[in-house]
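Going down the list, the protein sequences come from chains V and L.
Counting in the numbering used here, the first sequence runs from 1 upward without gaps.
Counting in the numbering used here, the second sequence runs from 365 upward without gaps.
This report concerns only the one structure given below.
2 protein chains.
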Amino acid sequence: MTEKSSPTDPIHARGGSGATIADVAQAAGVSVATVSRALSGNYPVAKATRERIFRSVTDLGYVANAHARALAGATTRTVGIIINDVADPFFAYIARGVERQASAEGRMCLITATHGDKERELALVDLMREQRTDAVILVGGASDDPRYRKQMADRARALDAAGSSLVLCGRPSLGAGVPTKMVTYDNEGGAFAITDYLISQGHRRILYVGGPRDFSTTASRLSGFYRALDARGIERDPALVHEGAFGRGFGYSRMRELLDQEVDFTAVFGANDLVAAGILEALEERGIRVPQDVSVVGYDDVPVASELRPRLTTVRVPLEELGREAVRLALSQSPHDAGASSDNTLTVGTHIVIRDSVSPPNKP
Amino acid sequence: MTEKSSPTDPIHARGGSGATIADVAQAAGVSVATVSRALSGNYPVAKATRERIFRSVTDLGYVANAHARALAGATTRTVGIIINDVADPFFAYIARGVERQASAEGRMCLITATHGDKERELALVDLMREQRTDAVILVGGASDDPRYRKQMADRARALDAAGSSLVLCGRPSLGAGVPTKMVTYDNEGGAFAITDYLISQGHRRILYVGGPRDFSTTASRLSGFYRALDARGIERDPALVHEGAFGRGFGYSRMRELLDQEVDFTAVFGANDLVAAGILEALEERGIRVPQDVSVVGYDDVPVASELRPRLTTVRVPLEELGREAVRLALSQSPHDAGASSDNTLTVGTHIVIRDSVSPPNKP
DNA sequence: TTCTCCATAGTAAACGCTTACTATTTCTAG
DNA sequence: CTAGAAATAGTAAGCGTTTACTATGGAGAA
Numbered sequence: 001m002t003e004k005s006s007p008t009d010p011i012h013a014r015g016g017s018g019a020t021i022a023d024v025a026q027a028a029g030v031s032v033a034t035v036s037r038a039l040s041g042n043y044p045v046a047k048a049t050r051e052r053i054f055r056s057v058t059d060l061g062y063v064a065n066a067h068a069r070a071l072a073g074a075t076t077r078t079v080g081i082i083i084n085d086v087a088d089p090f091f092a093y094i095a096r097g098v099e100r101q102a103s104a105e106g107r108m109c110l111i112t113a114t115h116g117d118k119e120r121e122l123a124l125v126d127l128m129r130e131q132r133t134d135a136v137i138l139v140g141g142a143s144d145d146p147r148y149r150k151q152m153a154d155r156a157r158a159l160d161a162a163g164s165s166l167v168l169c170g171r172p173s174l175g176a177g178v179p180t181k182m183v184t185y186d187n188e189g190g191a192f193a194i195t196d197y198l199i200s201q202g203h204r205r206i207l208y209v210g211g212p213r214d215f216s217t218t219a220s221r222l223s224g225f226y227r228a229l230d231a232r233g234i235e236r237d238p239a240l241v242h243e244g245a246f247g248r249g250f251g252y253s254r255m256r257e258l259l260d261q262e263v264d265f266t267a268v269f270g271a272n273d274l275v276a277a278g279i280l281e282a283l284e285e286r287g288i289r290v291p292q293d294v295s296v297v298g299y300d301d302v303p304v305a306s307e308l309r310p311r312l313t314t315v316r317v318p319l320e321e322l323g324r325e326a327v328r329l330a331l332s333q334s335p336h337d338a339g340a341s342s343d344n345t346l347t348v349g350t351h352i353v354i355r356d357s358v359s360p361p362n363k364p
Numbered sequence: 365m366t367e368k369s370s371p372t373d374p375i376h377a378r379g380g381s382g383a384t385i386a387d388v389a390q391a392a393g394v395s396v397a398t399v400s401r402a403l404s405g406n407y408p409v410a411k412a413t414r415e416r417i418f419r420s421v422t423d424l425g426y427v428a429n430a431h432a433r434a435l436a437g438a439t440t441r442t443v444g445i446i447i448n449d450v451a452d453p454f455f456a457y458i459a460r461g462v463e464r465q466a467s468a469e470g471r472m473c474l475i476t477a478t479h480g481d482k483e484r485e486l487a488l489v490d491l492m493r494e495q496r497t498d499a500v501i502l503v504g505g506a507s508d509d510p511r512y513r514k515q516m517a518d519r520a521r522a523l524d525a526a527g528s529s530l531v532l533c534g535r536p537s538l539g540a541g542v543p544t545k546m547v548t549y550d551n552e553g554g555a556f557a558i559t560d561y562l563i564s565q566g567h568r569r570i571l572y573v574g575g576p577r578d579f580s581t582t583a584s585r586l587s588g589f590y591r592a593l594d595a596r597g598i599e600r601d602p603a604l605v606h607e608g609a610f611g612r613g614f615g616y617s618r619m620r621e622l623l624d625q626e627v628d629f630t631a632v633f634g635a636n637d638l639v640a641a642g643i644l645e646a647l648e649e650r651g652i653r654v655p656q657d658v659s660v661v662g663y664d665d666v667p668v669a670s671e672l673r674p675r676l677t678t679v680r681v682p683l684e685e686l687g688r689e690a691v692r693l694a695l696s697q698s699p700h701d702a703g704a705s706s707d708n709t710l711t712v713g714t715h716i717v718i719r720d721s722v723s724p725p726n727k728p
């Protein structure tokens, strides 16, 4: 189809880089403008002409050059999403939501990963700005380094000036007056709820493990955790709080250390499900039964939570939904948050899902 | 920084779409060409001039327009990858490999998902062609519909003619003479090995569950499965082969049906780890112990395999590696496979990893 | 019949960048 | 000293689209 030469001819390469609109125009015996109009369909073209053009298009295997098109003013129809890691289910599910909503709205989706590097994150925002994406969605917790904040705020303003928008997904605002849109989930509330659940089961000494220090996600979860403790009049014990990382490996190794130190606790709150999985592994290795001897909870309700044995009691975050909303908001025409208001912040709820990893403590 | 106006001024939007290279040139008092050269650094520019230019760049928050750049001839520095689903770990890990290698080679990565729709897959290839990506990587098994094959072959030729390349990752060739590059893993060999392992443990009646029918991945796995059976002189029993889908849900429901029908078997080969997870769940629900009563194996060695209890014995596929290799191959200058040869097909090995889900059968 | 108005089609000017050429200095060597 | 080679800068021609403007030929109105 595409080639006129024999399909078995190994030297069929035309050497060029595909047909241009001019080739199509020539083949159809019309002007470039007419082809462009026939293709975009926003201007009348005689039926016979149109058909001739479409025939040439298929004959030549023509596809428009997206760059030329973008340059000439049409929008790029692309949204960019920046996440930590494609293979981390937390991000993968958000990305899936973004991807699906974007394609539902006829957009392509440019997914990139920072691997936790702040500098890289800033660079990626610039890269997307270069690409002139319709929006860039920044996913996941953020560092609270003020210098970083300022730099990102600059990017937000630049994006805004270019008619694009920066959507913060599950991360705190860059400050009043910075033109961004936000989609978040009730992080603090979920942490409160599940901690309260643990307490209601009779637990008093609850270990908190995981999550990078000075990281917004950690801060919110910890804050919900503390609020629940306070509400029940349970003293905060710094010895029970162990920040670090979000991976399974961290949960495993820190739990082992804690077990070695014979810290006194009856339940563990893993900063996310992956950390909880590591915790479970360490516990299992030492022959400590869950939930009989120790109760464990996680956060996120990523599929692995129900794969674990015992099935993990955790906090459900509507990840995919979050991604979809981010795109909806990004593409909506609502003005950015250029003030104290308003309508471009959206918070989705979280709720705990009770499975098999919690029971009342053994020794009350 | 970016804006001259007060940062608290809500009406700071310049309305435009950011500074252009001409603005920078004017601000620095030089010509556009000089700015371009200073930025790309492939042509000498006096130190003082260069510094002045860079100052203007930061002052104006200038970032180049990637489209203009691409249009003017520079490469897009982007590779596209097409997968089924971002949230499926099999694809997510391959995507991670692609993403990492791409960024190691200074490329952006355009990730898109087909959600199993063949038409959409073809459309996405066209979309990437529009974007003029340096390469497009097509991941995962393919349908063996001849019409589809032909259409994809056309795309491959078009891409090739445009100086890009189509990389088939873990899927069969489009036929001799079609210009593609290929990265695969030893799918059939892995299936053979793990089936043989099951047989060596004494199993004779092995159930095969999962994987879409008429799908290349299923075909290879099944073929390895059969070869192992044949090699040991075990009769193939069609009643033991149950194709269907790759999801956890399919494994669960089909296993339940099979249990209801009281099919006679001592081991189950799940077409992938997710299917195996579903199988395990169904078995657990019925109180059937694994591996004492029934042995189970999976395929892929995705993280969930070691999360399951019992830990799943499975076939390790170097997913991330696969993705990296795909990018390496894509970006290497080696000519495409325009003939029977050659060097642009790469196969990575697979091997079984033995964990806790297999033991000799109860009743031999 | 003449004039106005559509329906179509063509012309050509952007869009923002890269780069082949050309032009000016400033060295370096003979 | 002067010819020729750097080193540095500018000019301008694309790259492939889109789209405002212009042109042409009927059809219906007056």
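Even for Gly, the Cβ is constructed at its ideal location relative to N, Cα and C.
- Contact annotation: the region 676 to 687 of chain L does not touch the region 472 to 487 of chain L, with fewer than three C-beta pairs closer than 8 angstroms.
- Contacts with chain V at 7 angstroms (Cβ-Cβ) include L:L474.
- L:V500 sits close to L:G444, with the two beta carbons spaced by under 7 angstroms.
- Using a Cβ distance threshold of 7 angstroms, V:G287 and V:I279 do not count as a contacting pair.
- Minimum Cα-Cα distance from V:R309 among the listed residues V:D300, V:E284, V:L127, V:A326 corresponds to V:E284.
- Along the region 220 to 249 of chain V, none of the residues has a CB nearer than 7 angstroms to a CB of chain L.
- Straight-line measurement puts the Cα of L:K545 at about 6 angstroms from the Cα of L:T709.
- V:L71 has a beta carbon lying within less than 7 angstroms of a beta carbon in chain L.
- The beta carbon of V:L122 lies closer than 6 angstroms to those of Q151 in the same chain, with the five residues before and after it left out.
- In this structure, DSSP gives L:T478 a state outside helix and strand, which the three-state scheme calls coil.
- Near chain L, meaning a CB-to-CB distance below 7 angstroms, the residues of the region 125 to 139 of chain V are D126, L127, R129, E130, Q131, R132.
- What V:N65 touches in chain L, judged by beta-carbon distance under 8 angstroms, is L435, E494, R496, going in chain order.
- Close to V:Y93, with beta-carbon spacing below 7 angstroms, are these residues of chain L in chain order: A451.
- Only residues of its own chain outside the window of five on either side were considered, and among them I563 have a CB closer than 6 angstroms to the CB of L:R596, listed in chain order.
- For V:L308, the C-beta contacts it makes with chain L under 9 angstroms involve E671, L672, R673, in order along the chain.
- Among the CB atoms of chain L, none fall inside 7 angstroms of the CB of V:R289.
- Under DSSP, V:D300 forms a beta bridge with V:R316.
- Taking 7 angstroms as the CB threshold, L:G382 lines the interface with chain V.
- The C-beta distance from L:D637 to L:G662 rounds to 4 angstroms, short enough to fall under 8 angstroms.
- With contacts defined by Cβ atoms closer than 7 angstroms, V:V125 and V:R155 form a contacting pair.
- Rounded to whole angstroms, the Cβ separation of V:H242 and V:P361 is 20 angstroms, and the two are not in contact under 8 angstroms.
- Residue contact check for L:A402 against chain V: no CB pair falls below 7 angstroms.
- Assignment of L:A631 by DSSP, reduced to helix, strand and coil, places it in the strand class.
- Excluding residues up to 5 positions away in sequence, N551, E552 lie with their Cβ nearer than 6 angstroms to the Cβ of L:S584 in the same chain.
- V:T133 carries a coil assignment under DSSP once its states are collapsed to helix, strand and coil.
- Rounded to the nearest whole angstrom, the C-alpha separation of V:G18 and L:G470 is 25 angstroms.
- Below the 8 angstroms Cβ cutoff, chain L contributes D449, V450, A451, A477 as neighbours of V:R96, in chain order.
- At least one CB of chain L lies nearer than 7 angstroms to the CB of V:G61.
- In terms of Cβ geometry, V:G61 and L:A522 form a close pair [threshold 7 angstroms].
- Within the same chain, V573, H606, G608 come within 7 angstroms of L:R618 by CB-CB distance, once the 5 residues on both sides are set aside.
- Taking 7 angstroms as the CB threshold, L:E469 stays off the interface with chain V.
- For L:F418, same chain residues with a beta-carbon under 6 angstroms away, outside a window of 5 residues either side, do not exist.
- Below the 8 angstroms Cβ cutoff, chain V contributes no neighbours of L:E415, its closest Cβ being approximately 21 angstroms away.
- Under the Cβ criterion (8 angstroms, minimum of three pairs), the region 425 to 442 of chain L counts as touching the region 71 to 79 of chain V.
- Around L:V658, the same chain offers F629, T630, A631, V632, L647, I652 as residues with beta carbons nearer than 8 angstroms, after the five sequence neighbours per side are excluded.
- Contact annotation for L:A646 against chain V: no contact, minimum CB-CB distance about 14 angstroms [criterion: below 7 angstroms].
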